[in-house]
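Here is the structure we will look at, set down as C-alpha cells.
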Amino acid sequence: MTEADLARLALAKRAFEATRPSEAEVATGVRRARLALRRPKARRTWISKGLVFVVLAIGSLAYAKPHALGEVVERVLQLAPASHGGHANGPGVALALSDDERPRTRVATPNDTAPSRGAATSDVTEPREAAATGEVRATSEAPHASASAKPTVVAKKAPAAQPAASATAESTPTTERALSEWGRIGQALERGDEQTALAELGTLSRSDDPRTRDKADLGRAQLLLAHGNREDACALARSLTHRAAGGRIERQAQALLSSCGR
Amino acid sequence: MDQSFVNTALELAAPGQPLEESLAHENADELLALLYRQMRALAGPRQDLDDLVQAAAERALKALPRFEGRSALATFTYGIVYRTLIDQQRWYRRFQRRFTLETREEPADAAFPRSSETDLRELERARRLYAALDQLPNEKRLTLILHDLEGLEVAAVASISGANELTVRSRLRDAHKKLAEILRKDPLFDPEVPA
Chain A
16 MTEADLARLA LAKRAFEATR PSEAEVATGV RRARLALRRP KARRTWISKG
66 LVFVVLAIGS LAYAKPHALG EVVERVLQLA PASHGGHANG PGVALALSDD
116 ERPRTRVATP NDTAPSRGAA TSDVTEPREA AATGEVRATS EAPHASASAK
166 PTVVAKKAPA AQPAASATAE STPTTERALS EWGRIGQALE RGDEQTALAE
216 LGTLSRSDDP RTRDKADLGR AQLLLAHGNR EDACALARSL THRAAGGRIE
266 RQAQALLSSC GR
Chain B
2 MDQSFVNTAL ELAAPGQPLE ESLAHENADE LLALLYRQMR ALAGPRQDLD
52 DLVQAAAERA LKALPRFEGR SALATFTYGI VYRTLIDQQR WYRRFQRRFT
102 LETREEPADA AFPRSSETDL RELERARRLY AALDQLPNEK RLTLILHDLE
152 GLEVAAVASI SGANELTVRS RLRDAHKKLA EILRKDPLFD PEVPA
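Printed below as a string of C-alpha cells:
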C-alpha cells in the first residue's frame with residue numbers, strides 16, 4: 016500500500032468512527048432485541064422427537080423381525096383397495112393369506128402326524144378363507160385324542176362377512192377363474208374329498224399366475240403332510256423355498272421344510 | 002473494553018437457565034449493547050441489523066456458560082457476532098439463488114442523524130466506504146473491519162474468525178489491495194482534497 020492508500024484508509028477510518036452508533040441508537044437496538052427475544056417462539060421440538068421415535072421404532076422392528084415390516088406394508092397395500100369399495104361378501108373373496116395371522120391355526124408337523132397317521136385330524140378351518148388362500152390348515156391333535164383311522168378333514172363354515180376376505184379382491188378374469196377353483200377346493204374339503212381337493216390344487220399349481228401357483232403348492236404340501244406323505248410335501252416345500260415365493264408363503268414353506276429335516 | 006460485567010454476564014445464562022430468565026437480569030442490557038455495537042461495526046447500518054443482533058444475542062446467551070474467561074468477553078462475543086453474520090450472509094446467498102427481492106426505494110438512513118456539512122460529508126464517505134466494503138468477500142471484509150477499523154490485534158482477529166494468524170494476514174493484504182483499488186476511484190477519499 017502506498018502513502019496515498021494509507022491516507023485513504025485513514026479517511027475511511029475517520030468516517031467509520033464518525034458514524035459509530037450513538038447511545039440512543041444502541042439503547043433502541045437493545046430494547047428491540049430484548050422485546051424480540053422475550054417473544055415466545057413456536058418451538059417444534061416434538062417434530063424432531065417424533066421423527067426420531069418413528070425411525071427408531073421402524074428400525075428396531077426391521078432389525079428384530081425383518082419379515083414383519085414387509086408384512087405390514089403388504090397388509091396396508093392389501094387393505095388400501097379394500098377400503099376403496101372392496102366387496103366384503105360374495106365374489107370378492109380374497110387371495111390373501113389372511114389366515115396366517117391367526118394364532119389358532121398351525122401347520123401340521125410330522126411329529127403330530129407320524130406316530131399315528133390316522134390319528135391326525137386335519138381341520139381345515141373356514142373353507143372360504145382357506146379356499147381363498149389356497150392353504151389347507153392342518154391342525155393336528157394329539158395322537159391319542161382321536162380314534163379315527165383316517166385323517167378327516169373338517170371344514171367349518173366361514174362367517175359371511177370376512178373383512179380380510181375382500182382385502183385383495185381382484186376383478187381380472189384370471190382371478191375369477193381362480194376363485195371358482197378355490198371354491199371347488201373348499202367344497203371338496205368340506206365333503207372330505209381330499210383327492211378332489213388335491214387334484215384341484217394340482218390344477219391350480221399349473222396356473223399362469225405365480226402367486227396362485229405358489230399358494231396351491233403350499234396347500235398341496237400341507238395337505239400331503241397332513242396325510243403323512245412327507246416326501247412329496249417336503250419336495251413341494253423345498254421347491255417353494257427355492258423359487259423364493261416370498262412373504263408369508265415362503266415362511267410357511269420354510270416351516271414345513273424345517274419339519275422335514277427332523 | 003470494559004470487562005467489569007464479565008462475572009455478572011456469566012451469571013446471565015447458567016446451564017439450563019431459560020432465555021427469559023437470562024434476559025430478566027439487569028446486566029443483559031450491557032451484553033445486548035455490546036452485541037449491538039459489535040454487530041453494527043461488522044455489518045454496518047442495514048435494515049436487518051436488529052434481526053442480526055437478536056440472532057447473535059440468542060446465540061450469546063446460550064453460549065455464555067461455555068465462556069471460560071481465557072479471552073476477553075468482547076473477543077468471545079465478537080466471535081459469536083462474526084459467525085452469526087457469516088451464517089446469515091451464506092443463507093442470504095442461497096436465498097438469492099432462488100428468489101429475488103422486489104427493489105424499492107431505500108428510506109433515508111436514520112442511523113446517521115447528522116446535521117452539519119462536515120458531518121454530512123463524513124456520512125457520505127461512510128456510505129461509500131460500506132459500499133466499497135460490500136464488494137469484498139465476507140471473510141476479507143470482516144477481517145479488515147476488525148483489524149483496521151476496530152483496531153484489534155491480528156491474534157484477536159484470528160481468535161474471532163477461527164483462522165490462522167497467517168490466514169488473517171493474507172486476508173488483510175488482499176482486502177487492503179482491493180479496497181485501495183476501489184477507494185482510488187472515489188474523489189471523496191482523495192487525500193489531496195481538504196476535509
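Quick mapping for you: the protein sequence lines, in order, are chains A and B. Residue 277 is where the first sequence ends in this note's numbering, and the numbering goes up by one at each step. Residue 196 is where the second sequence ends in this note's numbering, and the numbering goes up by one at each step. A virtual CB, placed ideally from N, CA and C, is assigned to each residue, including glycine.
Taking only three categories from DSSP, how would you classify residue i?
i	result
C275 of chain A	helix
M16 of chain A	coil
Q136 of chain B	coil
L189 of chain B	helix
G80 of chain B	helix
S195 of chain A	helix
F31 of chain A	helix
H82 of chain A	helix
S75 of chain A	helix
A73 of chain B	coil
D49 of chain B	coil
S222 of chain A	coil
F100 of chain B	coil
Hey, residue i and residue j are a contact pair by Cβ (cut 8 Å); roughly how many whole angstroms apart?
i	j	result
Q55 of chain B	A51 of chain A	5 Å
D247 of chain A	L239 of chain A	5 Å
G26 of chain A	P138 of chain B	Sequence check: residue 26 of chain A is Leu here, not Gly. Not a contact, Cβ separation roughly 23 Å.
E60 of chain B	T85 of chain B	Rather than Glu, the amino acid found at residue 60 of chain B in this sequence is Arg. Between T85 of chain B and R60 of chain B the Cβ distance is about 6 Å, and since that is below 8 Å, they are a contact.
I146 of chain B	L35 of chain B	Not quite, the Cβ-Cβ distance comes to about 16 Å (not below 8 Å), so this is no contact.
G187 of chain B	R128 of chain B	Sequence check: residue 187 of chain B is Asp here, not Gly. Wrong, their Cβ atoms sit about 11 Å apart, outside the cutoff.
Y37 of chain B	A48 of chain A	7 Å
Between residue i and chain A, is the shortest Cβ-Cβ distance under 9 Å, so that the two count as touching?
i	result
P188 of chain B	no
V169 of chain B	no
R185 of chain B	yes
R38 of chain B	yes
K178 of chain B	yes
Q89 of chain B	no
R41 of chain B	yes
D175 of chain B	no
L143 of chain B	no
E140 of chain B	no
V54 of chain B	yes
E166 of chain B	no
L65 of chain B	no
Grab the span of the alpha helix (DSSP H) containing residue i for me, first residue to last.
i	result
K178 of chain B	166 to 185
N139 of chain B	139 to 145
R47 of chain A	38 to 53
L219 of chain A	209 to 219
A159 of chain B	155 to 162
L65 of chain B	Segment: none, L65 of chain B is in no alpha helix (DSSP H) and carries neither H nor E.
H257 of chain A	245 to 257
E151 of chain B	Neither: E151 of chain B is in no alpha helix (DSSP H) and is coded neither H nor E.
P225 of chain A	225 to 241
D30 of chain B	29 to 44
I want to see whether chain B comes within less than 9 Å of residue i, judged by CB atoms only; does it?
i	result
T227 of chain A	no
T256 of chain A	no
D223 of chain A	no
L71 of chain A	no
P81 of chain A	no
R90 of chain A	no
D20 of chain A	yes
L52 of chain A	yes
A25 of chain A	yes
A95 of chain A	no
A30 of chain A	yes
Could you tell me which of the options sits nearest to residue i, measuring between CA atoms?
i	options	result
S171 of chain B	B:D191, B:R142, B:L130	B:R142
L189 of chain B	B:L35, B:L86, B:E123	B:E123
H82 of chain A	A:E265, A:L271, A:L272	A:E265
L204 of chain A	A:V67, A:R235, A:P225, A:S220	A:R235
D52 of chain B	B:K179, B:G163, B:L33	B:L33
E14 of chain A	A:Q237, A:R263, A:L76	In the structure displayed, chain A extends from 16 to 277; residue 14 of chain A sits before or after that span and is not available.
D135 of chain B	B:K179, B:F77, B:G70, B:E59	B:K179
L216 of chain A	A:I200, A:D223, A:R263, A:V67	A:I200
Y79 of chain B	B:V169, B:A157, B:E69	B:A157
E140 of chain B	B:Q89, B:L184, B:A73	B:Q89
E168 of chain B	B:G152, B:T144, B:I183	A small correction: the amino acid at residue 168 of chain B is Thr; Glu does not occupy that position in the sequence shown. If we check each option's Cα against that of T168 of chain B, B:T144 comes out closest.
G243 of chain A	A:T256, A:G262, A:L271, A:L84	A:L271
I81 of chain B	B:P46, B:E69, B:M40, B:D30	B:M40
S162 of chain B	B:A133, B:T76, B:L50, B:A58	B:T76
Using only the heavy atoms of the ligand ZN, determine whether one of them is closer than 8 Å to the beta carbon of residue i.
i	result
R41 of chain B	Looking at this structure, you won't find the ligand ZN or any other ligand, since it has none at all.
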